[in-house]
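Residue numbers (the numbering used here), protein chains in the order written: chain X, 13 to 437; chain F, 102 to 636; chain D, 11 to 167.
Here it is, written out as structure tokens:
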């Protein structure tokens with residue numbers, strides 16, 4: 013078991029696997045739910061998940077079992093379980109695949125999580141663009157209802173549960189859990205101040221758990237095999253496997269699931285086929301664009317939570333973007349700055365004002381209308397946003413700027429000195 | 102009670118309170134924009150940062166609950182940096198047009214930038230210049246100055262109870278807006294101008310008329326309904342430029358309605374009476390106030406041999422002091438206890454808003470006061486009986502104190518036409534003055550000293566900085582002149598004197614004085630001797 | 011153009027409303043239905059939806075303007091959304107935009123005069139492994155080259 017490499021994509025990679033409920037059950041699907049509903053108490057489920065050590069795969073890496081444990085036991089209010097399928101972090105495309113190719117694994121995890129926190133209605137908040145994925149999920153929900161895994165008195169356990177798919181409508185910030193809750197409630201996706209945390213007061217004023225699709229998809233495995241077995245996979249504080257989504261300048265972009273701890277170098281060169289067209293590697297973003305970029309000489313790093321922190325970055329969502337020597341780092345940062353300026357919800361001051369300002373400065377550097385002080389100004393603005401916003405969007409927009417400027421300062425300086433982009437011949 | 106330490110000082114307070122309130126109460130300023138005591142917390146301006154021991158980074162004081170044992174610092178390097186950063190961000194796109202901005206001088210963006218800001222801008226990019234927007238009949242949005250604190254949006258939703266304002270678009274394009282084709286025209290809408298911490302929401306009637314530092318502010322009580330909202334009358338060179346709310350948590354909270362806010366306009370728009378007049382045949386001839394008073398005294402003297410042949414009717418827009426002066430001069434000089442207020446049941450319903458703010462249907466500010474002044478000592482003489490006695494001819498002469506712009510009901514006009522000698526004190530010509538034998542130019546409440554009692558039995562003080570039009574007199578002065586001309590010695594020389602007399606006369610007012618009423622008034626029936634227990 | 015749901019859509023909407031403990035949560039689903047049926051969302055449609063949900067129009071207005079997927083003006087029959095964020099960008103999304111602009115004779119953000127095509131640049135579509143990517147109406151087209159783009163556009167009638 014400890015050398016297992018695939019959990020959430022285990023079925024998907026099998027030839028002929030369609031993701032139908034029959035296929036899923038043939039692979040042992042919907043056995044965990046039977047065990048949970050007929051043999052376990054909600055607290056035991058939470059304990060098992062805590063034992064597994066599974067941490068959030070959406071970006072923040074918060075331990076799922078601990079989060080579930082925050083839901084007050086004595087609250088008379090209904091509880092809500094929200095499956096965060098907003099998948100908006102650039103570089104990330106894993107949840108879409110799970111929902112498309114193995115929707116029942118996601119549903120089973122979601123039903124179990126809902127049972128654990130005492131929730132009878134849960135939602136999948138899926139980004140609006142994933143129209144077909146939403147339809148696939150709705151079909152899968154129907155299949156699960158017909159098979160008796162959803163609805164009233166599931167498997168005779170007395171537990172009732174319904175899942176609804178809720179499409180977003182185009183907003184990055186709605187991937188932040190309180191932005192998601194506001195959006196679900198029909199409002200602007202303006203994140204809330206914490207406290208209160210959603211586990212205490214979330215959707216519709218009730219205790220709410222928000223988990224990422226991939227995280228949830230791990231739950232059936234944890235129940236079937238035990239939290240300890242899951243914890244034996246991967247590395248300490250980075251248990252289990254992770255889907256790494258590799259995009260950009262590699263020969264074989266795509267999704268790769270491995271135990272936590274595989275090195276970035278191994279991923280790129282042994283699995284993703286190395287850099288395209290025999291070009292030189294320049295930079296890699298290891299966990300979605302908000303996570304600090306690494307230089308080519310920094311990729312001999314294990315892809316788990318703690319190891320990436322040691323090199324000044326984060327695992328994030330595990331979305332790896334590979335950039336070769338043809339990429340202008342100032343131009344790449346400009347692209348990201350445009351993204352953050354566009355996606356800032358505009359609620360709190362530092363992000364609303366800071367993101368567009370950074371974009372303007374990067375734009376001037378890229379187009380040769382800046383001085384070296386502007387590079388420092390850019391860095392300073394990023395520092396000024398960081399830690400001062402309502403939600404983590406502040407960090408999400410500030411970290412790339414700080415990392416690009418720090419790690420590729422010479423390119424920024426070159427732009428300033430030349431008065432133009434050296435890549436723009 | 103819990104104890105916490107703020108900048109080294111131990112502070113005791115009740116549990117569950119917001120840190121920002123606890124800190125502000127001990128006199129330490131926490132700069133902030135989005136937070137407002139009366140509104141929900143949004144935590145979006147990010148200015149009210151403080152450091153709390155063991156917290157990994159500065160926290161916003163508006164969304165942090167004061168806990169027992171908390172150690173808080175409000176002036177650390179981190180806090181100063183946080184303020185500087187937020188203020189820099191807020192000023193990036195601000196047009197810095199303070200010289201032509203009506204908020205200048207009372208703008209929190211100015212004040213906090215001056216106190217806590219950086220002093221120089223590092224922003225060299227083109228500024229956003231969204232066009233100004235007309236939001237409604239009285240209010241416009243100087244869009245470029247908006248800092249997106251959303252106080253106005255929350256006010257409309259939470260206090261006014263109607264979401265006339267909202268935020269549209271996203272990110273740096275966020276804007277305050279009314280829905281296409283709709284207007285910001287709620288009767289409480291004017292408050293958004295007051296709570297806008299910057300120069301963004303502007304009162305169209307105030308735009309470019311004066312600088313706020315020229316204004317003299319006097320706190321008084323609104324007279325447009327029986328709610329008795331506390332207001333500031335802000336004037337310069339005897340002209341009212343605006344009326345704004347004065348906070349009184351037991352009456353109006355932080356707000357006033359637009360009827361009160363713009364009430365001065367209707368008095369500005371009319372031709373005020375400034376000269377006393379005496380009827381001679383079909384003509385009304387201008388005279389001096391002394392001549393008028395003498396004429397009144399001479400005529401009243403003719404009837405006073407019969408008790409209650411002279412009567413007075415006082416509008417419930419009058420102050421207690423004026424009503425009392427009329428009553429006293431009638432009693433002393435005219436052998437009459439036939440003095441009454443013209444009480445009226447409100448014709449329209451109260452407008453009550455979600456948090457309880459109320460615009461009363463009773464459009465008189467002092468019915469309660471007149472009930473006290475007239476009701477207690479002469480319970481059997483009410484308005485109806487006075488009117489009946491006019492009808493029956495027992496009452497020969499009437500002194501009618503009006504001083505408002507309300508219409509007199511036709512029934513009363515018809516009755517008063519029968520009176521042999523009618524004295525009308527009013528502010529404009531009207532059907533009532535047409536039938537008067539003597540017309541006296543009076544004052545409006547905005548020009549008066551005295552007290553009103555609101556519908557909650559809250560006794561509150563009126564003050565003024567305004568000079569009434571020359572030729573006008575307070576009712577108490579006129580009442581005194583008449584009585585003196587009828588040979589009586591009158592002791593009062595001010596509204597204050599009258600109040601002290603009333604305090605002796607009415608047990609409800611025992612021990613009170615204008616001074617003791619202070620700025621927040623006194624609820625009658627609550628122990629009068631301990632001042633300020635409820636305000 | 012009518013601003014109300016047709017009968018079948020109203021039935022769909024009535025089912026959706028039941029999913030939530032608070033009607034307001036059906037705002038975004040209702041807007042999606044409106045846009046699906048009518049192509050874009052008019053002021054009148056907002057009034058209608060606000061009415062269905064017992065909400066002030068301002069609330070729905072605020073929500074609709076926040077989300078980039080809701081159109082407030084008539085769009086082309088085919089709305090071509092070109093992903094422009096990093097993975098797509100470094101694999102040539104700019105060329106794709108320029109190519110389509112040239113082919114359709116419009117700039118990004120515009121609609122062809124015959125109302126057949128609208129072209130917009132969008133942020134990350136979440137399909138980075140198959141970059142560059144475009145989305146036409148609700149359909150993703152991935153692993154694109156200029157030739158493939160032409161083929162796709164040729165097939166749109």
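Ideal placement from N, C-alpha and C gives every residue a C-beta, glycine not left out.
Counted within 10 angstroms of its Cβ, other Cβ atoms place residue 123 of chain D as buried (16 or more) or exposed:
Exposed, by the Cβ-count rule.
Span of the alpha helix (DSSP H), counted from its first residue to its last, around residue 436 of chain X:
DSSP places residue 436 of chain X in no alpha helix (DSSP H); its state is neither H nor E.
Whole runs of the beta strand (DSSP E) within the stretch 216-284 of chain X, excluding any shorter than 3 residues:
The stretch 216-284 of chain X is shown to contain whole beta strand (DSSP E) runs of 3 or more residues at 220-224, 253-260, 266-271, in chain order.
Can you list the beta strand (DSSP E) stretches of 3 or more residues lying completely in the stretch 125-175 of chain F, in chain order?
Along the length of the stretch 125-175 of chain F, whole beta strand (DSSP E) runs at least 3 residues long occupy 150-153, 172-174, reported in chain order.
Consult DSSP for residue 313 of chain F and reduce its assignment to one of helix, strand or coil.
Helix.
Nearest to residue 138 of chain X (by Cα), restricted to the options X:166, X:187, X:160
Distance from the Cα of residue 138 of chain X is smallest, within the candidate group X:166, X:187, X:160, for X:187.
Whole angstroms are fine: how far does the CA of residue 334 of chain F sit from the CA of residue 631 of chain F?
Model confidence at residue 631 of chain F stands at a pLDDT of 43, short of 50, so the residue's coordinates are unreliable and nothing is read from them.
Taking C-beta to C-beta, are residue 439 of chain F and residue 409 of chain F nearer than 7 Å?
When the beta-carbon positions are compared, residue 439 of chain F and residue 409 of chain F come within less than 7 Å of each other.
Looking at the strands, I want to know which residues DSSP matches up with residue 134 of chain X.
For residue 134 of chain X, the beta-bridge partners assigned by DSSP are X:93, X:175.
Check the Cβ-Cβ distances between residue 82 of chain D and every residue of chain X, and say whether any is below 7 Å.
Residue 82 of chain D is outside the set of residues whose beta carbon lies under 7 Å from a beta carbon in chain X.
For a contact meaning CB atoms closer than 7 Å, what does residue 281 of chain X contact in chain D?
Within chain D, no residue comes near residue 281 of chain X; the closest Cβ sits about 17 Å away, beyond 7 Å.
Could you tell me the alpha carbon to alpha carbon distance between residue 636 of chain F and residue 301 of chain F, rounded to whole angstroms?
With a pLDDT of 36 at residue 636 of chain F, under the threshold of 50, the modelled position of that residue is not reliable, and the figure given next carries that caveat. Taking the straight line from one Cα to the other gives about 33 Å.
Are residue 416 of chain X and residue 341 of chain X close, meaning C-beta to C-beta below 7 Å?
Taking 7 Å as the Cβ cut-off, residue 416 of chain X and residue 341 of chain X qualify as a contacting pair.
Alpha carbon to alpha carbon, what distance is there between residue 246 of chain X and residue 240 of chain X?
Rounded to whole angstroms, the separation of the alpha carbons of residue 246 of chain X and residue 240 of chain X is 12 Å.
Let me know the alpha helix (DSSP H) ranges lying completely inside the stretch 315-349 of chain X, each 4 residues or longer, listed in chain order.
Qualifying alpha helix (DSSP H) stretches, in chain order: 317-322.
Residue 388 of chain X: first and last residue of the uninterrupted beta strand (DSSP E) it sits in:
Element bounds for residue 388 of chain X: not the beta strand (DSSP E) but the alpha helix (DSSP H), 384-397.
If you run the structure through DSSP and keep just helix, strand and coil, what is residue 166 of chain D?
In this structure, residue 166 of chain D counts as coil in the three-state DSSP scheme.
Against chain X: residues of the stretch 238-269 of chain F by CB proximity under 8 Å
Those residues of the stretch 238-269 of chain F that come within reach of chain X (Cβ to Cβ, closer than 8 Å) are 248, 249, 268.
Please report the residue range of the beta strand (DSSP E) in which residue 131 of chain D lies.
Its beta strand (DSSP E) spans residues 127-132.
Chain X contact for residue 216 of chain F (CB, 7 Å cutoff):
Residue 216 of chain F does not count as touching chain X.
Tell me which residue opens and which closes the beta strand (DSSP E) that residue 24 of chain D is part of.
Per DSSP, residue 24 of chain D belongs to no beta strand (DSSP E); it is in the alpha helix (DSSP H), 17-27.
Give me, in chain order, the residues of the same chain whose beta-carbon lies closer than 6 Å to that of residue 138 of chain D; leave out the 5 immediate sequence neighbours on both sides.
If we look at residue 138 of chain D and ignore the five residues flanking it on each side, its Cβ neighbours are 97.
Return no unless some Cβ of chain D is closer than 7 Å to the Cβ of residue 634 of chain F.
Bear in mind that the predicted position of residue 634 of chain F carries a pLDDT of just 40, short of 50, making it unreliable; the figure below should be weighed with that in mind. The Cβ of residue 634 of chain F sits no closer than 7 Å to any Cβ of chain D.
Suppose you measure from the CA of residue 198 of chain X to the CA of residue 180 of chain X; what does that come to, to the nearest Å?
Cα to Cα, residue 198 of chain X sits roughly 10 Å from residue 180 of chain X.
Using a 10 Å radius around the Cβ and a threshold of 16 neighbouring Cβ atoms, would you call residue 592 of chain F buried or exposed?
Residue 592 of chain F should be labelled exposed.
Once you ignore the five residues that flank residue 27 of chain X on each side, which residues in its own chain have a CB closer than 7 Å to its CB?
Excluding sequence neighbours, residue 27 of chain X sits near nothing in its chain.
Tell me, which residues are paired with residue 378 of chain F by DSSP?
As a beta-bridge residue in DSSP terms, residue 378 of chain F pairs with F:387, F:540.
Is residue 637 of chain F helix, strand or coil when you go by DSSP?
An answer regarding residue 637 of chain F cannot be provided, because it is not within the stretch 102 to 636 covered by chain F.
Under 9 Å by beta carbon: chain F residues contacting residue 66 of chain D:
Within chain F, the residues near residue 66 of chain D are 258, 263, 264, 265, 267, 280.
Nearest CA to the CA of residue 326 of chain F: which residue from F:342, F:358, F:340?
Ranking F:342, F:358, F:340 by CA distance to the CA of residue 326 of chain F puts F:358 first.
By the DSSP assignment, the alpha helix (DSSP H) with residue 127 of chain X in it spans what residues?
Here the alpha helix (DSSP H) through residue 127 of chain X covers 115-129.
Whole angstroms are fine: how far does the CA of residue 170 of chain X sit from the CA of residue 158 of chain X?
Going from the Cα of residue 158 of chain X to the Cα of residue 170 of chain X covers about 17 Å.
With 16 other CB atoms within 10 Å as the buried threshold, where does residue 113 of chain F fall?
An exposed status is given to residue 113 of chain F, since fewer than 16 other beta-carbon atoms sit within 10 Å of its beta-carbon.
Residue 535 of chain F: buried (16+ other C-beta within 10 angstroms of its C-beta) or exposed?
The residue in question, residue 535 of chain F, is exposed, as its Cβ has fewer than 16 Cβ neighbours within 10 Å.
Does residue 73 of chain D get closer than 7 Å to chain X when you measure Cβ to Cβ?
Chain X contact via Cβ: present.
Could you give the DSSP three-state label for residue 470 of chain F: helix, strand or coil?
Three-state DSSP puts residue 470 of chain F in a helix.
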